[in-house]
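So the sequences go chain by chain: W and Y.
Residues 1 to 624 in my numbering are what the first sequence lists, from first letter to last.
Residues 625 to 843 in my numbering are what the second sequence lists, from first letter to last.
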Amino acid sequence: MKQNMQPDFAEVKRFLLDCPPFDALTDDQRNGAIEQLKAAYVNEHNVDKFFNDFSPALYMVRSGAFDLLAPDGHLIERLESHDLFGYPSLLSGRSVVNRLTVVEDGIIFIVPQPIFDRLRRDSKAFEQYFIRAHSQRSLEEVARGKPNSRQPVTVDPLQTSIQEVLTRPPVQLPSTTSIRAAAQKMSDEKVSSILLVDDGALVGILTDRDLRNRVIAPGLSFDLHVNAVMTQAPATVSGRQTLMDALTTMTQNNIHHLPVLDENDQPMGMITNTDLMRQQRSEPVMLISALNKTVTREQLIAEAKQIPAYMQAFASRAANTTVVGRLLASLTDTMTRKLIEFYEREHGVAPASYAWLAFGSQGREDQTLSSDQDNGLLLADDLNERQLSWFEGLGDWVCSGLGDCGIPLCPGNIMASNPECRRSVAGWVERFTRWTESPTPKALMYCQIFFDSRMVVGNKRLYQRYRAEVARLGQNEFFLGNLARLQRNVQVPLGLFNRFRGTESGKDSDLIDIKRYGIALINDIVRIYSLQAGLTEPRTLARLEQLLEGRLLNRRDNQSLAEAWQFLTQLRLQHQLEVWGTEQPKNALDPDQLSTLVRRQLKTAFRIIDECQQGVAMKFGRSG
Amino acid sequence: MAWTQAVQRWWQRRHLLNQQWTDARYVVVDIETSGLDANQDVMLAIAWIEVHPPCLDYQSARYFVLDSTADKNHDLKQSPVVHGLVQRDFNESSDSKLVLHELAQVLEDAVLVCHHTHLDWQFLQVAARHHEIKLSPLGWFDTLQFELRRLRNQQHHIPRGSLTLAAARGRYRLPDYHAHHAFNDAVACAELMLAQGYQYAGSAKASVKNLLQVGRVRL
């Protein structure tokens with residue numbers, strides 16, 4: 001005869017299995033914890049007494065919604081089903097100072113301190129979960145590129161550092177060497193390019209193609225010094241950067257040879273297109289070179305049609321999602337350059353210097369497969385009618401070509417086919433001035449797109465002149481004040497489930513738009529700091545890295561923003577792969593479909609954004 | 625001396641009934657039976673959990689499969705299938721006398737709570753009398769009756785099925801429970817009782833007696 005049989009704790013057990021870190025416990029540990037649980041029905045009439053009587057303890061929300069408030073009354077967290085709280089006091093031993101209020105009555109489980117301590121001792125996973133959560137590092141795992149769901153992720157060859165794949169020391173000569181001697185050296189060393197180094201500093205690069213185009217074709221003397229024909233001040237990468245960085249730099253500059261420098265700017269070697277191709281399973285390189293090999297618009301479109309399928313395979317393997325956005329930007333860059341090349345073949349070369357500009361997500365290199373075009377043309381000053389009409393034709397040709405390649409036309413008409421988006425430096429400056437000085441909501445929206453710019457192809461000096469002017473305009477305090485107030489208007493959801501969201505954030509929808517209420521907000525926050533610092537870098541993560549040197553954004557917030565951004569872009573990518581080929585929204589998630597852990601991380605990300613929005617409003621919002 | 629003890633006990637109970645409803649102890653019971661007739665059918669399993677508002681205390685959780693089938697040489701009707709009990713469970717069943725004895729102890733000075741108390745109480749009484757055990761809870765609270773009264777007060781038409789445990793819980797936005805098992809039902813009922821109690825009392829003072837008026841049982 002058996003006396004008290006173990007009650008079947010089926011419901012609690014099912015709940016705990018979906019409530020990390022309790023899912024990591026053994027059955028015995030979990031059952032032991034359940035036997036010591038209390039479940040409280042918490043409502044406005046008993047909440048104060050409840051929180052006072054049982055603290056410190058670990059609390060788990062089973063149903064309802066509650067707000068955890070700091071002593072000064074500001075909302076720390078809106079707690080919904082499966083959220084945990086109370087553990088900071090258990091870990092730190094400090095007394096409980098926060099307050100709890102009720103949004104909707106519900107049930108809260110209480111794990112008393114002795115049980116919490118015992119579980120920490122008995123289970124390493126349990127212990128680690130809370131240590132991480134307490135130090136607010138719960139997004140770290142994602143940020144470091146560890147997968148948080150579904151398929152295991154293999155190592156992505158493009159994330160390898162460049163220095164790991166350099167096979168030989170640099171082949172180099174002084175720039176005063178004769179062309180003949182340089183060619184001889186290249187032949188001896190069996191290389192297609194050579195570095196020109198004077199007094200330890202890289203001054204130029206000479207390639208097979210340069211010999212053909214700049215020496216043999218024009219019939220120059222082979223006795224000249226190489227510095228007469230070399231490419232001066234070439235684009236470079238550092239050995240510590242990744243192959244993806246090398247690939248992007250090559251694509252952006254339309255080059256196949258890239259000198260690699262060490263920390264002291266000393267040449268370490270050369271990385272070539274072929275080196276990248278040699279990396280196993282490097283579809284990105286293949287894709288780009290396939291695009292580059294096309295000779296007609298039709299071929300280009302045919303190749304471009306393959307991209308989504310390739311991208312899906314690539315993206316599901318990519319360890320670090322930022323690579324995906326950058327790759328898509330690189331592919332778009334390549335298509336753009338090819339289309340320009342085809343246009344020039346038919347209509348003659350550009351009649352004046354210009355720069356093709358990428359804005360928005362292409363500019364920031366966080367493009368997705370559903371991102372639409374944002375581009376424009378920067379033109380030399382004082383063009384005549386004929387020249388202007390050449391560029392008008394170019395704008396139409398490229399934008400419609402990109403559209404046919406699968407990059408949707410911009411519904412807001414921010415495209416080089418629109419005369420408003422083809423301007424001289426003075427013309428652009430005039431527009432930016434208008435936006436920054438009379439900041440209507442529409443103008444501010446434009447700024448969020450136009451201030452994230454990058455040159456895809458064209459005259460570097462022209463672009464730099466433009467970029468410097470624009471950066472100067474962006475530092476206007478009055479304008480920054482307006483941007484700061486604007487970014488505060490879009491509030492992140494407090495809770496994830498629609499009746500607890502508390503803001504306009506898709507309150508009537510079961511879905512949460514993580515682009516609008518997440519990624520875009522981080523871009524906005526980081527943009528404001530970057531404008532203030534006068535940075536010309538458009539990429540959000542790279543901006544954050546550069547902002548580390550400044551004082552205005554503290555290190556902790558900087559890191560948190562980077563982690564939240566990576567988490568959200570990764571979540572969005574996973575979602576986009578899942579809804580692939582369906583009509584489902586590309587940026588909106590159903591919180592019910594997320595695991596408990598991801599839901600908690602999403603809330604953490606929103607919390608970080610909310611805090612940083614407040615920071616921006618405080619630092620910039622006062623002026624103007 | 626017996627009468628002084630009785631007076632003392634009466635006095636004690638009066639005191640307990642006049643205290644705040646949140647200061648009282650509640651024992652929420654759910655039983656599984658082989659049918660609906662307390663004189664014909666038997667209890668197959670019993671579960672209970674104690675409530676000290678606002679908390680359910682899992683440490684007090686009890687669940688027993690009873691051997692009363694053996695006592696009465698009873699066939700298992702369809703009920704055990706519903707409750708997921710199979711013959712195997714009865715091989716390890718508990719002596720109902722000991723179980724009722726333990727229940728009698730926890731019910732001392734506590735309020736008995738059930739969803740549809742009338743039925744459960746009849747079965748408990750029959751079994752207790754059989755073993756000459758006296759169950760004397762401080763009072764009875766029926767979550768079903770409470771709900772019935774509440775809906776009537778709001779002059780609701782009361783559609784069929786709206787008084788089930790699940791339907792009543794739904795009106796308080798309590799979570800959906802799927803498992804059908806005496807213990808889960810006891811927990812579900814306990815949570816419902818708390819939700820009802822707080823809804824009834826609000827922040828006003830309400831005694832145990834007041835609360836039992838609303839959730840009173842026609843026995």
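Backbone N, C-alpha and C define an ideal beta-carbon position, used for all residues, glycine too.
Query: May I have the straight-line CA-CA distance separating M618 of chain W from Q487 of chain W, to the nearest angstrom?; Result: 12 Å
Query: What do you reckon, are the CB atoms on R78 of chain W and L68 of chain W nearer than 9 Å?; Result: yes
Query: Could you run through the region 445-472 of chain W and flag, in chain order, every residue whose CB is less than 7 Å away from some CB of chain Y?; Result: none
Query: Under 9 Å, CB to CB, which of the residues in the region 778-810 of chain Y have a partner in chain W?; Result: Y796, R797, L798, P799, Y801, H802, A803, H805, A806, F807, N808, A810
Query: Chain Y partners of R62 of chain W, CB-CB under 8 Å?; Result: P799
Query: Helix, strand or coil: which one does DSSP assign to K38 of chain W?; Result: strand
Query: Is the CB of V832 of chain Y under 9 Å away from at least one CB in chain W?; Result: no
Query: In chain Y, which residues lie less than 7 Å from L37 of chain W when you measure between Cβ atoms?; Result: Y682
Query: Could you give the distance in angstroms between the alpha-carbon of E365 of chain W and the alpha-carbon of D404 of chain W?; Result: 21 Å
Query: How would you call H734 of chain Y, buried or exposed, if buried means at least 16 neighbouring beta carbons within 10 angstroms?; Result: As written in the sequence, residue 734 of chain Y is Ala, which differs from the His given in the question. Buried.
Query: State buried or exposed for D452 of chain W, treating a residue as buried only when at least 16 other CB atoms are found within 10 Å of its CB.; Result: buried
Query: Just checking my contact of I255 of chain W with F222 of chain W at CB under 8 Å: how many whole Å lie between their CB atoms?; Result: The pair is not a contact, with the Cβ atoms about 24 Å apart (cut-off 8 Å).
Query: At the level of alpha carbons, what is the spacing between E611 of chain W and L553 of chain W?; Result: 12 Å
Query: Give me the residue from W:H74, W:P114, W:A24, W:A217 with the minimum Cα distance to S123 of chain W.; Result: W:A24
Query: By DSSP's criteria, G376 of chain W is part of a beta bridge. Which residues make up the other side?; Result: W:L357
Query: Looking at chain W, is there any beta carbon in it that lies within less than 9 Å of the beta carbon of T767 of chain Y?; Result: no
Query: So with Cβ pairs under 9 Å, would you call C813 of chain Y a contact of chain C?; Result: Note that chain C does not occur in the displayed structure, where the protein chains are W and Y.
Query: Using a Cβ-Cβ cut-off of 6 Å (strictly less than) and excluding sequence neighbours within five positions of L700 of chain Y, which residues of its own chain qualify?; Result: Residue confidence for L700 of chain Y is low, a pLDDT of 49 falling below 50, so the modelled location carries little weight and cannot support an answer.
Query: Flag F66 of chain W as yes if its beta-carbon sits less than 9 Å from any beta-carbon of chain Y, otherwise no.; Result: no
Query: H740 of chain Y to Q820 of chain Y, Cα distance in whole Å?; Result: 15 Å
Query: Report the neighbours of F50 of chain W on chain Y: residues whose CB is nearer than 8 Å to its CB, in chain order.; Result: P678
Query: Sort out for me which residues DSSP pairs M60 of chain W with in a bridge.; Result: W:L84, W:F109
Query: Report the three-state DSSP secondary structure of G794 of chain Y (helix, strand or coil).; Result: helix
Query: Check for me: the alpha helix (DSSP H) holding R556 of chain W runs from which residue to which?; Result: 555-578
Query: Is the region 460-480 of chain W touching the region 539-551 of chain W in the sense that three or more CB pairs, one from each, lie closer than 8 Å?; Result: no
Query: Which whole-angstrom value is the C-beta distance of I673 of chain Y and V652 of chain Y, which I expect to be below 8 Å?; Result: 6 Å
Query: Any chance the region 410-429 of chain W sits against the region 360-376 of chain W, with 3 or more Cβ pairs inside 8 Å?; Result: yes
Query: Leaving out the 5 sequence neighbours to the left and right, which residues in its chain are closer than 6 Å to M186 of chain W when beta-carbon positions are compared?; Result: I194
Query: Which same chain residues end up closer than 8 Å to E537 of chain W when comparing Cβ atoms and leaving out the 5 residues on each side of it in sequence?; Result: S530, R543, Q546
Query: List the residues that DSSP assigns as beta-bridge partners of C738 of chain Y.; Result: Y:D766
Query: Count the C-beta pairs between the region 810-826 of chain Y and the region 778-798 of chain Y that are closer than 8 Å, then say yes if the count reaches three, no if not.; Result: yes
Query: Can you name, in chain order, every residue of its own chain whose Cβ lies under 8 Å from the Cβ of Q702 of chain Y, other than the five neighbours on each side?; Result: Since pLDDT at Q702 of chain Y reaches only 46, below the 50 mark, its modelled position is unreliable, and the value read off the structure follows with that caveat. Around Q702 of chain Y: no qualifying Cβ.
Query: What would DSSP say about A201 of chain W, mapped onto helix, strand or coil?; Result: strand
Query: Taking the alpha-carbon of V832 of chain Y as reference, which of Y:L641, Y:L736, Y:V750 has the nearest alpha-carbon?; Result: Y:L641
Query: Is the Cβ of Y608 of chain Y closer than 9 Å to any Cβ of chain W?; Result: This structure cannot speak to residue 608 of chain Y, because chain Y is shown only from 625 to 843.
Query: Would you identify the three-state DSSP class for E77 of chain W, choosing helix, strand or coil?; Result: strand
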